[in-house]
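Heads up, the thing below is written out as structure tokens.
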Amino acid sequence: MGKLPQYFIVDAEALPEIFLKVAEAKRLLETGEAGTVNQAARKVGISRSAFYKYKDAVRPFNDMLNGRIVTFQILLKNEPGVLSAVLNIFALSGANILTINQGIPAGGGAAVSIGAETSGLAMTMEELLAQVAREKGVVRCEILAG
Numbered sequence: 005m006g007k008l009p010q011y012f013i014v015d016a017e018a019l020p021e022i023f024l025k026v027a028e029a030k031r032l033l034e035t036g037e038a039g040t041v042n043q044a045a046r047k048v049g050i051s052r053s054a055f056y057k058y059k060d061a062v063r064p065f066n067d068m069l070n071g072r073i074v075t076f077q078i079l080l081k082n083e084p085g086v087l088s089a090v091l092n093i094f095a096l097s098g099a100n101i102l103t104i105n106q107g108i109p110a111g112g113g114a115a116v117s118i119g120a121e122t123s124g125l126a127m128t129m130e131e132l133l134a135q136v137a138r139e140k141g142v143v144r145c146e147i148l149a150g
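This is the structure in structure tokens:
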């Protein structure tokens with residue numbers, strides 16, 4: 005039985021530059037901006053061998069979650085309309101909400117767990133999280149599981 009891979013979520017700014025360049029080269033290939041690995045590698049300033057060495061190990065977070073069920077944990081102020089505004093952001097983003105679980109408010113806040121299918125997102129996962137976090141009455145928004 006082989007060793008199971010371990011995965012980490014790491015802020016892109018903390019990654020070595022080679023990983024960011026490999027991710028960009030993969031994006032160029034997927035969008036057709038580069039027709040070959042050689043073209044993509046040259047555009048981002050890496051060797052083909054570096055691309056092949058890391059191509060299967062590097063994926064943007066949004067790609068990893070695309071088409072998957074993701075659980076969002078959101079802490080809301082206990083104010084009328086806050087949950088409704090958050091749900092509206094999800095609807096406008098193209099996420100398909102599958103479950104909503106809100107705890108009883110305590111200490112002026114309520115924890116809400118939202119399970120959503122993300123294949124229809126019209127924005128990146130990061131943009132969705134940022135929009136929710138900016139909404140009046142939202143204390144915190146994060147991905148709990150995906």
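Residue numbers (the numbering used here): 5 to 150.
Note that the Cβ used here is the ideal one computed from N, Cα and C, for glycine as well.
The DSSP assignment places complete beta strand (DSSP E) segments of no fewer than 3 residues inside the segment 94 to 120 at 100 to 106, in order along the chain. A Cβ-Cβ contact shorter than 8 Å links Val90 with Ile78. Just so you know, the alpha carbons of Leu133 and Phe12 end up roughly 19 Å apart.
Proximity of the segment 39 to 55 to the segment 13 to 31 meets the contact definition, three or more beta-carbon pairs being nearer than 8 Å. The DSSP-derived three-state label of Arg52 is helix.
Rounded to the nearest angstrom, the gap between the Cα atoms of Gln106 and Gln135 is 20 Å. As a beta-bridge residue in DSSP terms, Arg144 pairs with Leu79. In chain order, Gly112, Gly113, Gly141, Val143 place their CB closer than 7 Å to the CB of Lys81, counting only its own chain and leaving out the 5 sequence neighbours on each side. With a beta-carbon spacing of about 6 Å, Gly124 and Asn100 fall inside the 8 Å limit used to define contacts.
Residue pairing from DSSP places Val74 in a beta bridge opposite Ala120. Straight-line measurement puts the Cα of Ala126 at about 20 Å from the Cα of Thr103.
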